[in-house]
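A.B. asks: The sequence shown begins at -19 in my numbering and counts up by one.
Below you'll find the structure I mean.
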Amino acid sequence: MKGRGISIRLHRLTKRFVGDRQGVGAIEFAILFPILVMLYIGAFEITIGLSMSKRASRAAGMITDVVTQQKSVTKSWLADMPSVASAVFVPYGSTGLTIKITGIALDGTGNPKVAWSWAQNGTRPYAVNSVTTVPADMKKANIFLVRTELSVPYKLFLFAPNLAPNNSTITISRSYFYLPRASDTVTCSDC
-19 MKGRGISIRL
-9 HRLTKRFVGD
1 RQGVGAIEFA
11 ILFPILVMLY
21 IGAFEITIGL
31 SMSKRASRAA
41 GMITDVVTQQ
51 KSVTKSWLAD
61 MPSVASAVFV
71 PYGSTGLTIK
81 ITGIALDGTG
91 NPKVAWSWAQ
101 NGTRPYAVNS
111 VTTVPADMKK
121 ANIFLVRTEL
131 SVPYKLFLFA
141 PNLAPNNSTI
151 TISRSYFYLP
161 RASDTVTCSD
171 C
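Structural data, given as C-alpha cells:
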C-alpha cells in the first residue's frame, strides 16, 4: 500500500512538472547563449582579420608605389619602409612585420632575374642574377619590375584561443609588382 502511494505521488509530480511551462524561456536562453556569444565573437574576429588583411594589401602596395617613383634607392632609404608599413597598421600592432623588396629585370625573352634585393633586417634575401617568379601576364621582354613581399602575423584575440593554442596566429602575406614610373629601372647602389 505504501509503495502504491509513493508511486501515485511520483506520477502526479512528474505530470505536474511536464505540464509546467514556467522557466522554459530561461532554459532555452541558457542553451542558446553560448552559441550566440561564439557567433558574436566570431564576427568580431572576422572583422578585425579582414581589416588587417586590407591594411597588409594597402601597406605592400604603398611601399611598392613609393619605391617605383624613385630612380635609385639605397639600403638606408629602404630602411624607412617598415615605418611606412607600420603607420598603415595603426591602431593595430605590426609586431613581427617582415618586408622584402626586390628589383627584377626581365631579359629579351621575358625571363625574370633578381637585379637587387633588400630585407628589413639588412640582408639580401635573394642572390643577384638568381631566377625568380613573376605573374605570367607580367612576363614581357626587357622590362623591370619592383616586387614587395610583406607578411604580418595576426594573433586571434578571442575566438576559442584555448581550443587551438598552437594555431592562434595567422600569417597574412601580400606581394605586389609595379613597373618603375620615374625611369626604366630602379637601381640600388648598395643592395
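Glycine residues also receive a C-beta, built at the ideal position from the N, C-alpha and C atoms.
Applying the 10 Å Cβ sphere with the 16-neighbour rule, what's the burial state of A116?
C.D. replies: Walking along the sequence shown from the start, residue 116 turns up at place 136. Answer is exposed; the Cβ neighbour count stays below 16.
A.B. asks: Count Cβ pairs between the stretch 69 to 82 and the stretch 32 to 52 that sit closer than 8 Å; are there 3 or more?
C.D. replies: Touching, per the Cβ criterion.
A.B. asks: Mapping DSSP to helix, strand and coil, what is S97?
C.D. replies: Residue numbering aside, residue 97 sits at position 117 when the sequence shown is read from its first letter. Here S97 sits in strand by DSSP.
A.B. asks: Going by DSSP, what residue range makes up the alpha helix (DSSP H) through S66?
C.D. replies: Residue mapping note: residue 66 aligns to position 86 of the sequence shown, counting from 1. Run containing S66: 61 to 68, per the alpha helix (DSSP H) assignment.
A.B. asks: Taking only three categories from DSSP, how would you classify V108?
C.D. replies: Here the question's residue 108 lines up with position 128 in the sequence shown. Here V108 sits in coil by DSSP.
A.B. asks: Does the stretch -3 to 16 come within contact of the stretch 123 to 132, defined as at least 3 CB pairs closer than 8 Å?
C.D. replies: no
A.B. asks: For T(-6), which three-state DSSP category applies?
C.D. replies: On the sequence shown, residue -6 is found 14 positions in, with the first residue counted as 1. Here T(-6) sits in helix by DSSP.
A.B. asks: Look at the Cβ atom of R154, then the Cβ atom of S66, and state whether they are nearer than 7 Å.
C.D. replies: Start at 1 with the first residue of the sequence shown, and residue 154 comes out as number 174. Start at 1 with the first residue of the sequence shown, and residue 66 comes out as number 86. Not closer than 7 Å, so no.
A.B. asks: Could you give the residue range of the beta strand (DSSP E) that holds P133?
C.D. replies: Along the sequence shown, one-based indexing puts residue 133 at 153. 124 to 135 is the extent of the beta strand (DSSP E) around P133.
A.B. asks: Contact defined as beta carbons within less than 8 Å: I believe K55 pairs with G102. What is the distance between those atoms, to the nearest angstrom?
C.D. replies: Taking the sequence shown and counting its residues from 1, the one referred to as residue 55 is at position 75. Taking the sequence shown and counting its residues from 1, the one referred to as residue 102 is at position 122. Contact holds; Cβ gap of about 7 Å.
A.B. asks: If I follow the unbroken beta strand (DSSP E) through L159, where does it start and stop?
C.D. replies: Translated into the one-based positions of the sequence shown, residue 159 becomes position 179. Element bounds for L159: n/a, residue is neither H nor E.
A.B. asks: Is the stretch 86 to 98 touching the stretch 70 to 78, taking contact as three or more C-beta pairs under 8 Å?
C.D. replies: no
A.B. asks: Please state if the CB of M61 and the CB of Y134 are separated by a distance shorter than 7 Å.
C.D. replies: The count along the sequence shown starts at 1 and reaches residue 134 at position 154. The count along the sequence shown starts at 1 and reaches residue 61 at position 81. Taking 7 Å as the Cβ cut-off, Y134 and M61 do not qualify as a contacting pair.
A.B. asks: If we count the other Cβ atoms within 10 Å of its Cβ and call it buried at 16 or more, is S110 buried or exposed?
C.D. replies: Stepping through the sequence shown from its first residue, residue 110 is reached at position 130. Label assigned to S110: exposed.
A.B. asks: Could you give the distance in angstroms between the alpha-carbon of S148 and the alpha-carbon of Y20?
C.D. replies: On the sequence shown, position 168 is the one that residue 148 refers to. On the sequence shown, position 40 is the one that residue 20 refers to. Taking the straight line joining both Cα atoms gives about 18 Å.
A.B. asks: How is the beta strand (DSSP E) around T44 delimited, first residue to last?
C.D. replies: Here residue 44 refers to the residue found at position 64 of the sequence shown. That residue, T44, is in no beta strand (DSSP E); its alpha helix (DSSP H) goes 4 to 48.
A.B. asks: DSSP three-state call for G(-15): helix, strand or coil?
C.D. replies: Here residue -15 is taken as the residue at index 5 of the sequence shown, counted from 1. In the structure shown, G(-15) sits in a helix (DSSP, three-state: H, G or I).
A.B. asks: Go ahead and pull the three-state DSSP assignment for L86.
C.D. replies: Start at 1 with the first residue of the sequence shown, and residue 86 comes out as number 106. Reduced to three states, the DSSP call for L86 is strand.
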